[in-house]
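In this note's numbering, the protein residues as written are 300 to 338. Built from N, CA and C at the ideal position, the CB exists for glycine as well. None of these values were measured; they are calculated from a predicted model.
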């Protein structure tokens, strides 16, 4: 993994999803997908 990459706030996005923000789900998938591809 690249040590220079910016940390992502998956927990924050998950909290937004729990709060009912519909667009948060659309933001979560690309974040998780990109991280999984790096692994």
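*The alpha helix (DSSP H) spanning residue 311 covers which residue range?*
309–317
*With burial defined as no fewer than 16 other Cβ atoms inside 10 Å of the residue's Cβ, what is the status of residue 331: buried or exposed?*
exposed
_C-beta atoms of residue 334 and residue 307 nearer than 8 Å_ = yes
*List the endpoints of the continuous alpha helix (DSSP H) containing residue 325.*
321–337
*Since residue 312 contacts residue 323 with CB under 8 Å, what's their CB separation in whole angstroms?*
5 Å
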